[in-house]
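Scroll down for the structure; my scribbles are underneath it.
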Amino acid sequence: PFSSWLSDSYPESTLMGGVILSSVTTKTALYTLIRGFSGEDALIWIGAITAVYGVIYGLIENNIRRSLSFGVINQVGFKIVGIGCGSPLAIAGVCAHIFCGVIYNSVLWMSAGNIIKSTGKVKFTELAGVFRKHKLVFLLALVGALSIASFPFTSGYISKSIIVKAIELKQLFMPWLLLEFASF
2 PFSSWLSDSY PESTLMGGVI LSSVTTKTAL YTLIRGFSGE DALIWIGAIT AVYGVIYGLI
62 ENNIRRSLSF GVINQVGFKI VGIGCGSPLA IAGVCAHIFC GVIYNSVLWM SAGNIIKSTG
122 KVKFTELAGV FRKHKLVFLL ALVGALSIAS FPFTSGYISK SIIVKAIELK QLFMPWLLLE
182 FASF
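Numbered according to our numbering, the sequence shown terminates at residue 185, and the numbering increases by one at each position without gaps.
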């Protein structure tokens, strides 16, 4: 969580590059973790801290693409916790969350790219009135945002719930609490 390569590099890519980076690069690292380090207890804490770090910095960031980058960090934290748990339920949740993350991250990054391209603005504070001009983009971004926040009946809700349930079954209260906070 303490390296800034992701939050510094993803926003500097092309608009389509951000979509591709958010969908591919971290998934390769997660696959490596699943294959080589599944069940390592230290990953539970590393992932929980990463998830909290990502959500806090994502909420205070004003740049649209940097905020989305911190969202990717937050989601990777959830997946790392599941890998650290190592149970079949947790690994199934991680795999489901990887798949769901590709979809909602793509939707969010494409929506942001559309807004940035049409307005030329990259800061949330400069986007007053965008809803009136881009209703469909707003609705799609809303669906992606609800899913990344694990709102009930969204893909993120289902996949995150599997990971959180695996942690709950392992009776790890603090990591569970941190993940519940990081779902915000």
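Cβ atoms here follow ideal geometry from the backbone N, Cα and C, with glycine treated the same way.
Among the bridge pairs identified by DSSP, residue 64 is matched with 124. Shown here, residue 182 sits in a helix according to DSSP, grouped into three states. In this model, residue 34 and residue 134 are separated by some 43 Å (Cα to Cα). By the C-beta density criterion, residue 170 is exposed, having fewer than 16 other C-beta atoms within 10 angstroms.
Straight through space, the alpha carbons of residue 140 and residue 117 are spaced by roughly 16 Å. In this structure, residue 8 sits near residue 74, with a CB-CB distance shorter than 8 Å. Around the CB of residue 67, 16 or more other CB atoms lie within 10 Å, so the residue is classed as buried. By the 16-neighbour rule on beta-carbons within 10 angstroms, residue 25 is exposed.
The segment 10 to 28 and the segment 87 to 94 do not touch, with fewer than three beta-carbon pairs separated by less than 8 Å. As the crow flies, the alpha-carbon of residue 69 is around 31 Å from that of residue 172. Residues of the same chain with a CB within less than 7 Å of the CB of residue 94, apart from the 5 flanking positions on each side, are 83, 160, 163, 164, 167 in chain order. Judged by DSSP in its simplified three-state form, residue 135 adopts coil rather than helix or strand.
Judged by DSSP secondary structure, residue 169 falls within the alpha helix (DSSP H) whose first and last residues are 156 to 170.
The segment 44 to 52 and the segment 104 to 114 do not touch, with fewer than three beta-carbon pairs separated by less than 8 Å.
For the pair residue 184 and residue 113, the Cα-to-Cα distance works out to about 21 Å. One thing to note: residue 59 has its Cβ no nearer than 8 Å to the Cβ of residue 109.
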